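Residue numbers (the numbering used here), protein chains in the order written: chain X, 1 to 114; chain W, 1001 to 1111.
The C-beta atom is built at its ideal place from N, Cα and C for all residues, glycine as well.
The structure displayed is predicted, hence computed values, not measured ones.
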């Protein structure tokens, strides 16, 4: 398996633009997680899905953020409109329900909003 | 609360042992984990320990778990410059599939 695949690796966009981050989890994994990492706040859980259903979105900062998982092999995190304070590295991770192996993380998308 | 606490920074000399400490809050956590993050990369699972174990050893890595004090530690023997990274402790939340991460400890290894 190629692991968790995120795209793009880097995104630079202007304030006010829509940004879409993509994630392909490991085949067969039941859970998918979206995290944001910044120097100030560390690693923050934004939302997670179990079998494509959102379970907990309490970490989503505000209505500008939305996430979908239309099928077991694809998820998106959308920011509309983007703001400079959204600049961060966004990670996707997936795991099996048993949890013994923990999460497998993607390489992240570094988002810069100017 | 759900806090997992770690010290933010540790500096050691190459060849010394490093010990990174973590405290967690959920006594029902099934597994506890250590992740490593190198610059510009995602988090990589380093090792994990089942909650009914006190110790786990894997080559240069030793994990110690004190359930009474909710304290987890990671010891790296013969620390190398390639071990320089951020190390995250995490606890599993029972029946949720969710991991709670600490804020990460930056390990600096000086030659």
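Residue i classed as buried or exposed, judged by whether at least 16 other C-beta atoms fall within 10 angstroms
| i | result |
| --- | --- |
| residue 58 (chain X) | exposed |
| residue 8 (chain X) | exposed |
| residue 1110 (chain W) | exposed |
| residue 154 (chain X) | Absent from the structure is residue 154 (chain X), since the part of chain X shown begins at 1 and ends at 114. |
As assigned by DSSP and simplified to three states, the class of residue i
| i | result |
| --- | --- |
| residue 101 (chain X) | coil |
| residue 64 (chain X) | coil |
| residue 42 (chain X) | strand |
| residue 1001 (chain W) | Its pLDDT being 49, under 50, residue 1001 (chain W) is placed unreliably in this model, and the value from its coordinates should be taken loosely. Residue 1001 (chain W): coil per DSSP, three-state reduction. |
| residue 54 (chain X) | strand |
| residue 9 (chain X) | coil |
| residue 86 (chain X) | helix |
| residue 1083 (chain W) | helix |
8 angstroms Cβ cut-off: residues of chain W touching residue i
| i | result |
| --- | --- |
| residue 50 (chain X) | 1097 |
Beta-carbon neighbours of residue i, restricted to chain X and to distances below 8 angstroms
| i | result |
| --- | --- |
| residue 1041 (chain W) | 107, 108 |
Closer than 8 angstroms to chain W by CB, residue i
| i | result |
| --- | --- |
| residue 90 (chain X) | no |
| residue 7 (chain X) | no |
| residue 95 (chain X) | yes |
| residue 101 (chain X) | yes |
Residues that residue i contacts on chain X, provided the C-beta gap is smaller than 7 angstroms
| i | result |
| --- | --- |
| residue 1103 (chain W) | 42 |
Nearest candidate by alpha-carbon position, reference residue i, set the options
| i | options | result |
| --- | --- | --- |
| residue 1057 (chain W) | W:1077, W:1011, W:1067, W:1070 | W:1077 |
Residue i at chain X interface by Cβ criterion, 8 angstroms
| i | result |
| --- | --- |
| residue 1024 (chain W) | no |
| residue 1064 (chain W) | no |
| residue 1072 (chain W) | no |
| residue 1045 (chain W) | yes |
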